[in-house]
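Structure first, then comments.
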Amino acid sequence: MGAGVARDAAMRGLSVTLLEKHTVGWGTSSRSSRLAHGGIRYLETGDIALVREALAERATLLRIAPQLVRPVSFLFVLERGAWWQWLRVGIGVTLYGALAGRRALGAHHPVTRGGLVNREPLLARTPLQGGAIYQDARCDDIGLVRATIQSAMRHGATVIEHCHAAVAVEEGGVAATLSDGTVIRARTLVVATGPWTDAVRRDLALPDRQLVGGTKGIHITVPLARLPLSHAIALRHPGDQRVMFCIPEPEHDQVVIGTTDTDTDEPPDALTVADADVAYLLRAVQHLFPGRDLSEADIVDRWAGVRPLLRQPGAASSRSREHLMLREGAVLTIAGGKLTTYRSMAEEAVDRLGEMLERTLPASRTAEELL
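Residue numbers (our numbering): -14 to 356.
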């Protein structure tokens, strides 16, 4: 989000300085499922508007960053059970394709068990009811951050990494004092700090609104040779029925498996990958692909990230990916949202900055200029 706002604001002629505690993309942005997607599972929670927006942004990212975002075909698989589940998923993927409209990337329809096995022979030993095929996109998440930052810098933004600044809200604006004593003054401040949002707001002496209630997501990767998939797989975990994914990345000779979605009290700077979370993911792929005998010894990499979701009641996995923009004097706080919609959120944020600065800004061009 910070990178997106810096790019959009600089492209519209604003003077921009981005302060980054570590390196750009160090946090949640580089620890995702690497999907640029509408979020088919959000249809279950009724987030139709969010899915439609995300599908539109998926199309934009495919257009402006084809080297970083690429289409991927998904098979949604269902184990034997009630036939109505197959019908429900079929209706879901058909609706997903309809919401994408002319931006749809290919087939969206139910598939029989035989159709699944024909497309993905590794499923031959799985007791399947049937499933569906649908299209989405995957991305290089940290590559998107870096390309966005580079674009921002080409348009005049200043980016300061490894920055430990003391930021104070003053009369008529804000001031950031860097560790070398340099003071940067600005009329507005955008807080786009993901899971650190509430901590940063406390440092700024802003009201403690408890905006973010992030959840922790674990991913693991295994060699493509151990799980040679030609499609991405969406499945329900055999334990709690949560939707999770197995996504082949041929360019890296690996498959990404994820993710968990649990509340955590761990600080975002020091997340751990618990053995229980790894076992949870392995259980799902062992169940779906019994002939592969995958074990912890096959894991090449593992990582954890915190989704900067809005604080809300209910189960962790059912929380909305909607976002909030809160203006308090010279400060605009962005909370919530998802990777796929970062560009449109940034456009909305800069529109708000124009109002705060009482300036008529030119229209955003971030959906047209290539990254």
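Positions of the beta carbon are idealized from the N, C-alpha and C atoms, including for glycine.
Membership of Gln239 in the beta strand (DSSP E) is indicated by the continuous run Gln239 to Gly243.
Sequence-distant Cβ neighbours of Val175 in its own chain, meaning closer than 6 angstroms and more than five residues away, are Val(-10) and Leu317. Annotation for Gly77: the continuous alpha helix (DSSP H) segment containing it runs Trp68 to Ala85. Of the candidates Gln195, Arg55 and Thr30, the residue whose Cα lies closest to the Cα of Ala21 is Arg55. Inter-residue distance for Gly(-2) and Ile169 is about 18 angstroms (C-alpha atoms, whole angstroms). Pairwise C-beta distances place the segment 73 to 92 in contact with the segment 108 to 121, as three or more of them are shorter than 8 angstroms. Between the segment 94 to 109 and the segment 29 to 38, the count of C-beta pairs closer than 8 angstroms stays below three; the two stretches do not touch. Straight through space, the alpha carbons of Gln297 and Arg221 are spaced by roughly 24 angstroms. Assignment of beta-bridge partners to Gly115 by DSSP yields Leu63 and Thr97. With contacts defined by Cβ atoms closer than 8 angstroms, Lys323 and Arg304 do not form a contacting pair. Each residue's CA atom was taken as its position, placing Thr245 and Arg26 some 14 angstroms apart. Of Ala289, Val241 and Ala153, the smallest CA-CA separation from Arg123 is found for Val241. Per DSSP, the beta-bridge partners of His204 are Gly243 and Trp288.
For Ala177, the closest C-alpha among the options Gln271, Leu355, Asp283 and Arg328 is that of Arg328. With a threshold of 16 other beta carbon atoms within 10 Å, Thr167 falls short and is exposed. Counting every other CB atom within 10 Å of its CB across the protein chains shown gives Trp69 a total below 16, marking it as exposed.
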